[in-house]
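J.: Below: one structure in structure tokens.
Numbering (my numbering), first residue to last: 13 to 65.
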């Protein structure tokens, strides 16, 4: 997160058009979705494993 934020910040200081906003938006969505998606996958994996106990 820190490195990505620094790269975006330096690009924005240089000029806003220097930042690749499409890539930045994708990174932000990845940050937002990582924990919920990981939790759902872990729950599904747990349910799947518990079927065979």
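Every residue, glycine too, gets a C-beta built ideally from N, C-alpha and C.
(1) Indicate the three-state DSSP secondary structure (helix, strand or coil) for residue 39 in the structure shown.
(2) Taking residue 33 as the reference, give the member of 19, 50, 51 with the closest Cα.
(3) For residue 16, which residues from the same chain have a beta carbon less than 7 Å from its beta carbon, with the 5 sequence-adjacent residues on both sides left out?
(4) Checking 7 Å against the spacing of the C-beta atoms, do residue 31 and residue 24 come in under that value?
(5) Would a check of beta-carbon distances place residue 15 closer than 7 Å to chain C?
T.: If we stick to the structure as given:
(1) For the purposes of this step, residue 39 is taken as residue 27 along the chain shown, with counting starting at 1. Secondary structure at residue 39: helix, using DSSP grouped into helix, strand and coil.
(2) Within the chain shown, residue 33 is the residue found at index 21, counting from 1. Between residue 33 and the set 19, 50, 51, the nearest pair of CA atoms involves 19.
(3) Your numbering for residue 16 matches position 4 in the chain shown. Counting only residues of its own chain and dropping the five nearest sequence neighbours on each side, residue 16 has a CB closer than 7 Å to the CB of 39.
(4) As a position in the chain shown, residue 31 is number 19, starting the count at 1. As a position in the chain shown, residue 24 is number 12, starting the count at 1. Closer than 7 Å, so yes.
(5) Protein chains in the displayed structure number just one, and chain C is not present.
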